[in-house]
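Which chain is which? The protein sequence lines are H and C, in order.
Following my numbering, the numbering of the first sequence begins with 195 at its first residue and continues without gaps.
Following my numbering, the numbering of the second sequence begins with 195 at its first residue and continues without gaps.
Note that the Cβ used here is the ideal one computed from N, Cα and C, for glycine as well.
Predicted, not measured: the structure shown is a model, and the values here were computed from it.
These notes concern the structure reproduced below.
Protein chains: 2
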Amino acid sequence: MDVPSEMKALMLVGDGYSRTPSGSALEAMGPYVQLGVITVPAPGQSQALIKVDLASINPSDVAFIRGQYGQPRVKGQPAGFEGVGIVVASGEEPYPKSLVGKRVAFATGVSNWGSWAEYAVAEAVACIPLLDTVRDEDGAAMIVNPLTALAMFDIVKQEGEKAFIMTAGASQLCKLISGLAREEGFRPIVTVRRDEQIALLKEIGAAHVLNEKAPDFKATLREVIKAEQPRIFLDAVTGPLASAIFDAMPKRSRWIVYGRLDPDTTVIREPGQLIFQHKRIEGFWLSEWMRQFRDRRGPAIMEAQKRFSDGRWSTDVTAIVPLAEAIGRVPAELTKPNGKVFIRP
Amino acid sequence: MDVPSEMKALMLVGDGYSRTPSGSALEAMGPYVQLGVITVPAPGQSQALIKVDLASINPSDVAFIRGQYGQPRVKGQPAGFEGVGIVVASGEEPYPKSLVGKRVAFATGVSNWGSWAEYAVAEAVACIPLLDTVRDEDGAAMIVNPLTALAMFDIVKQEGEKAFIMTAGASQLCKLISGLAREEGFRPIVTVRRDEQIALLKEIGAAHVLNEKAPDFKATLREVIKAEQPRIFLDAVTGPLASAIFDAMPKRSRWIVYGRLDPDTTVIREPGQLIFQHKRIEGFWLSEWMRQFRDRRGPAIMEAQKRFSDGRWSTDVTAIVPLAEAIGRVPAELTKPNGKVFIRP
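Here is the structure:
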């Protein structure tokens, strides 16, 4: 296929990590990425070059461009962890070669050639050939959220208790998990920051939706925890909210951190609970899960595609912003609740 | 055997838990226990009544009498979690009956009849018939420290890394673990609060002894961790010291809390480490370990007795204080380093 020598991309302004903690809201794109023209990369032996049709913006992208994600930035390289597109070139290995011409969902991982660009590079094993029945919007957001949802709900199911807790309940990820939970008779307890999110989340599958800003939040939280006895806490927030939730949870509870939306200090309120109540605190990262549980990756991928194909899952779209308009428009689009913002190169 | 109807005991002043956090030093006994006379209890079906020869004072006893341990106090009942003595009466079950007349190490657990008294009640399964070759001082301090040492060192061995970290390095427990570690070629990194503890701990088996009060402590800590790559952190302290140590530890490290000597706030400095470095935070409690690993309890008990019999282990004795003098003398004796304080009823 014809591949040009240069491409437009949103390139990282900063290098490495930032020492300044900040909140989850992206006040502006300009300090972190700039639109420019860069040479189209050549894929390595095990990699694929993808012509990007649609790239997603996840909370992890926002943290990453600000230098607050678990991977260092490389200045001048395109940002963007996932997207959908057509494989137009590949390395010499058989599997990457077999992908050429196919539409794939992809995660750029540590390739340093992100999806917020006309072309992106991903490891072939991080490319998922898509069924025709999967929409671009769903393919572009298939890896970071849906696979994480399936993996984290698997943890809930293994624990066995029907009730579990999630912060950032209105996120796309938590909505996916709530839906899975409802299907199998589990009871998600989720926190949100706006009353208008409550009805929708209950409809999707949340058993309880608690507004963390409500004056009676802590009392309600304790009541709900007492009644439901949740043991798994899937936490995207950390900080004082998460500390309070973990403190109120019963014996043998597990606080599983997968995000850090609140830059505030995270306190273990009662370390004695770790000793005498056998509670523990750990993390979740999709890459680690895929490394540790290779046999579950394939079935999870197929499950995600089936769900998007038959309409059980559908990604809510807030906006699809052209690459050239991203810097100006994305921050405002991200403030809108209940949906995902995409970039179209 | 002749058992009187009444006995002297150090009885709890407070009830339940205390909400006031405090440090590890015991400024006085009077606010927490009072000497008095109480009816000698009758053992239940599965229990043994022990004429106490010697009772130990552990950090957990100090925390308990102040209402800051993981079990609620019952006002008016005798304190004291462990001791040594002769079984003088028992419940009707065969195993308790078989113990009558025997010298045992015992842990009072949740019997509410502690060892700081002329007679104590323990579950028969928490009574260990002693070899004649085990001294009373070693028997009186056999369960809380030696069994914990064997259990926690087992966790270190399972992890596989030769180096590991312990706070409160000068405690009897850490000394026992350091000795076990040296025998098997492991490298304990321990923290202390006094320079004069350093030489002794190195002699016992610590590979590195760091004074947490030293001005270059944090720099030294990072250097040692970088060189040794410890993955297990056995922590009796929590608070800022423990937070700093865990923060500096490498990928896949486990912070295992078993004590709470510092009442200061315990912070997870970088929750992102839980996600991207797969670190985790958990607790250790001997009762839970014995519950989860029943098959390891017997061999650990035999190992402890052998070590005390052949002199590989020996409990350092700071003082043996008569019951009647305990309230006046114990606080001062507890401030002396490097040994254990006992109460003789």
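Problem set entry | Within chain H, the residues that C/Glu-482 reaches when beta carbons sit closer than 9 Å | Ile-469, Phe-470 and His-472
Exercise. What number of angstroms, rounded off, separates the C-alpha of C/Trp-307 from the C-alpha of C/Val-231?
Worked result: One C-alpha to the other measures close to 13 Å.
For this session: Report yes or no: is there a C-beta of chain H within less than 9 Å of the C-beta of C/Gly-477?
Result: yes
Exercise. Do you know whose CA, among H/Ala-219, H/Ala-400, H/Thr-214 and H/Gln-228, lies nearest H/Ala-520's CA?
Worked result: H/Gln-228
Exercise. What are the partner residues of H/Ser-250, as DSSP defines its beta bridges?
Worked result: Bridge partners of H/Ser-250: H/Phe-536.
Exercise. Which residue spans inside the stretch 333 to 412 of chain C form an unbroken beta strand (DSSP E) run of at least 3?
Worked result: 357 to 360, 381 to 386 and 402 to 405
For this session: Kindly list the residues whose CB is nearer than 8 Å to the CB of C/Glu-286, restricted to its own chain and excluding five residues on each side of it in sequence; keep chain order.
Result: Excluding residues within five positions, the ones whose Cβ falls inside 8 Å are Gln-239.
Exercise. What are the boundary residues of the beta strand (DSSP E) that includes C/Gln-228?
Worked result: If you look at C/Gln-228, you'll find it in the beta strand (DSSP E) that goes 227 to 233.
Exercise. Are C/Asn-252 and C/Gln-391 touching if we call contact CB-CB under 9 Å?
Worked result: no
Exercise. Can you tell me the Cα-Cα spacing of C/Val-461 and H/Pro-457, whole angstroms?
Worked result: 13 Å
Problem set entry | CB-CB length for C/Glu-476 against H/Arg-474, believed under 8 Å | That belief holds up - the Cβ atoms of C/Glu-476 and H/Arg-474 are roughly 4 Å apart, short of 8 Å.
Exercise. What residues in its chain sit with their C-beta under 7 Å from that of C/Gly-277, if we drop five residues either side in the sequence?
Worked result: Val-246, Leu-248, Ala-249, Ser-250, Phe-300, Ser-309, Ala-314 and Ala-334
Exercise. So which residues of chain C does H/Tyr-226 contact, with C-beta pairs closer than 7 Å?
Worked result: Neighbours of H/Tyr-226 on chain C: none; closest Cβ ~18 Å, over 7 Å.
Exercise. With C-beta atoms as the reference, is C/Ala-362 less than 9 Å away from C/Ala-430?
Worked result: yes
For this session: Identify whether H/Met-443 lies in helix, strand or coil by the three-state DSSP scheme.
Result: DSSP places H/Met-443 in coil when its eight states are reduced to three.
For this session: Going by CA-CA distance only, name the one from C/Lys-534, C/Ala-401 and C/Ile-495 that's closest to C/Ala-421.
Result: C/Ala-401
Exercise. Are H/Pro-516 and H/Glu-312 closer than 9 Å when you measure CB to CB?
Worked result: no
Exercise. Would a C-beta distance cut-off of 9 Å place H/Pro-340 and H/Trp-483 closer than the cut-off?
Worked result: no
Exercise. Where do the ends of the beta strand (DSSP E) carrying C/Met-205 lie?
Worked result: 200 to 206
Problem set entry | Residue environment, H/Val-524, which counts as buried when at least 16 other CB atoms sit within 10 Å | buried
Problem set entry | Run of the alpha helix (DSSP H) containing H/Ala-513, from where it starts to where it stops | Note, H/Ala-513: premise wrong, no alpha helix (DSSP H); beta strand (DSSP E) at 511 to 516.
Exercise. Hey, out of H/Thr-233, H/Thr-214 and H/Leu-220, whose CA is closest to H/Met-201's CA?
Worked result: H/Thr-233
Exercise. Are the C-beta atoms of H/Thr-432 and some chain C residue less than 9 Å apart?
Worked result: yes
For this session: Using DSSP bridges, identify the partner residues of H/Thr-460.
Result: C/Ile-462
Exercise. Which of helix, strand or coil does DSSP assign to C/Ser-284?
Worked result: strand
For this session: Go through its chain and collect everything with a Cβ distance to C/Arg-454's Cβ below 6 Å, but skip five positions before and after it.
Result: Thr-432
Exercise. Closer than 8 Å: is that where the CB of H/Glu-519 sits relative to any heavy atom of the ligand GTP?
Worked result: The ligand content of the structure shown is nil, which means the ligand GTP is not present either.
Problem set entry | Spatially closest choice to H/Lys-500 from H/Leu-324, H/Gln-471, H/Ser-437 and H/Thr-214, by CA coordinates | H/Leu-324
Problem set entry | Alpha-carbon to alpha-carbon, H/Phe-275 and H/Tyr-541 | No information on residue 541 of chain H is available, as it lies outside the stretch 195 to 539 that chain H covers here.
For this session: Give the range of the beta strand (DSSP E) segment to which H/Leu-455 is assigned.
Result: Premise fails: H/Leu-455 is in no beta strand (DSSP E) and is neither H nor E.
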